[in-house]
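*Asks:* Structure incoming, see below.
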Amino acid sequence: MLRAENVTLSYGAEPVLEGASLSIEAGQFVSLVGPSGSGKSSLLRAIMGLQEISDGRIETPLQSTDIGILFQDDALLPWRTAIENVSLGLRLNGRDRGRAVAEAEAWLERLGLTGLGRRYPRELSGGQRKRVALAQVLALKPRLLLMDEPFASLDAIVRARVTQDVVNLVESEGIGVLLVTHDLEEAIALSDVVYLLSNGPHAHISQRYSVPIPRPRNLVKSRSHPTFAPLYERLWSDLSDVVDGPRRIRTAA
Ligand SMILES: Nc1ncnc2c1ncn2[C@@H]1O[C@H](COP(=O)(O)OP(=O)(O)OP(=O)(O)O)[C@@H](O)[C@H]1O
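Under this note's numbering, the first residue of the sequence shown carries the number -4, and numbering increases by one thereafter.
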């Protein structure tokens, strides 16, 4: 569905990220974690086509209309209601008004927003706005979803619920996902594959982890799967190593 090969990315003379390769298959949830400044968002922007790469290639058979994007700041238009925000993209895709509104309503309902469609974004909570933004993206039936910390501003409970909604939809629709996150627990609970970036500049992909937790996933129960804790410890230790350098183990003289 998407393959990035040996991608090097620079803003000045020195590469931020060097020789990064990753792939996403249909229905696969992939997360990208790493230290601050290692180039996670830059790589995601390059995959979105918003950032030039200086070497390597990014290949996908998908059209740009098959790719949905969710950033931390939602892209809702403040002067349009929730239904209008969701139906706008559908209308631009050629649906007539009645059908666009009906589909928008169905998506809002599916994401637990029944009865809130006539509200403006300012009349919704942070979690409700995120759900509208999610409905806006999912209504366009993306085959690949690219997300950069989209739920970081939400409190823990709302975040867990919205994230579970995304997982349910990804599992039922077979959408591929690439998520940039700082949250290692979230990365493991959600993903089939987690990539760890090393420290920048000249960051590279230092590890690729497969997460063997079966699907469908319940994000709370996933945390008690026997593979969760060992994988979390390994990821945490590898992340500490790339931030601090490998720890020296002292042995008694
Ligand atoms: N538009 C830009 N111009 C110049 N340098 C930039 C630009 N955007 C990002 N950078 C630099 O590139 C490096 C990688 O930034 P990026 O935002 O991709 O990292 P990140 O891993 O997503 O960081 P964080 O986890 O802190 O969000 C950083 O050193 C950053 O300062």
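For each residue, glycine too, the CB sits at the ideal point set by N, CA and C.
In this text the structure is predicted, and so the values were computed from the model without any measurement.
So for L119, helix, strand or coil by DSSP?
*Replies:* For the purposes of this step, residue 119 is identified with residue 124 of the sequence shown, where counting begins at 1. Three-state result, L119: coil.
*Asks:* Among D69, A77, E54, T176, which one has its Cα closest to the Cα of S186?
*Replies:* One-based indexing of the sequence shown puts residue 186 at position 191. Cα-wise, what sits closest to S186 is T176.
*Asks:* Whole angstroms is fine: what's the gap from Q123's alpha carbon to A8's?
*Replies:* Counted from its first residue, the sequence shown places residue 123 at position 128. Counted from its first residue, the sequence shown places residue 8 at position 13. Distance between the alpha carbons of Q123 and A8 is about 43 Å.
*Asks:* Ligand 1: which residues have Cβ under 5 Å from any of its heavy atoms, chain order?
*Replies:* That query returns the following residues: Y6, V11, S31, G32, S33, G34, K35, S36, S37.
*Asks:* Under the rule that 16 or more other beta-carbon atoms within 10 Å means buried, what is Y204, buried or exposed?
*Replies:* As a first step, residue 204 is located in the sequence shown; it is residue number 209 there, counting from the start. Its Cβ being crowded by 16 or more others within 10 Å, Y204 is buried.
*Asks:* Using 8 Å as the Cβ pair cut-off and three pairs as the minimum, do the segment 163 to 182 and the segment 136 to 147 touch?
*Replies:* The segment 163 to 182, when compared against the segment 136 to 147, does touch it at the 8 Å Cβ threshold.
*Asks:* Could you give the distance in angstroms between the alpha-carbon of G240 and the alpha-carbon of T55?
*Replies:* Numbered from its first residue, the sequence shown carries residue 240 at position 245. Numbered from its first residue, the sequence shown carries residue 55 at position 60. If I take the Cα positions, the gap works out to 35 Å.
*Asks:* For N88, is the classification buried or exposed, using 16 other Cβ atoms within 10 angstroms of its Cβ as the cut-off for buried?
*Replies:* In the sequence shown, the residue the question calls residue 88 occupies position 93. With fewer than 16 other Cβ atoms within 10 Å, it is exposed.
*Asks:* Counting pairs of beta carbons, one from the segment 189 to 203 and one from the segment 20 to 33, are three or more of them closer than 8 Å?
*Replies:* Enough Cβ pairs lie closer than 8 Å, so yes.
*Asks:* What's the gap between the Cα of P209 and the Cα of A155?
*Replies:* For the purposes of this step, residue 209 is taken as the residue at position 214 of the sequence shown. For the purposes of this step, residue 155 is taken as the residue at position 160 of the sequence shown. Using only the alpha carbons, I get a separation of about 19 Å.
*Asks:* Y190 by DSSP, collapsed to three states: which one?
*Replies:* Taking the first residue of the sequence shown as 1, we reach residue 190 at position 195. Y190 falls in the strand class under three-state DSSP.
*Asks:* Within 10 Å of its beta-carbon, does K35 have 16 or more other beta-carbons around it, so buried, or fewer, so exposed?
*Replies:* Taking the sequence shown and counting its residues from 1, the one referred to as residue 35 is at position 40. It is buried - the Cβ of K35 has at least 16 other Cβ atoms within 10 Å.
*Asks:* Just verifying my parser: in three-state terms, what is the DSSP assignment at D91?
*Replies:* On the sequence shown, position 96 is the one that residue 91 refers to. In the structure shown, D91 sits in coil (DSSP, three-state: anything other than H, G, I, E or B).
*Asks:* Note down the Cα distance separating K216 from Q159, rounded to an integer number of angstroms.
*Replies:* One-based indexing of the sequence shown puts residue 216 at position 221. One-based indexing of the sequence shown puts residue 159 at position 164. Looking at the two C-alpha atoms, the distance is approximately 11 Å.
*Asks:* Measure the beta-carbon distance from V157 to L71 and round it to whole angstroms, keeping in mind my assumption that it falls under 8 Å.
*Replies:* Residue mapping note: residue 157 aligns to position 162 of the sequence shown, counting from 1. Residue mapping note: residue 71 aligns to position 76 of the sequence shown, counting from 1. Not a contact, Cβ separation roughly 15 Å.
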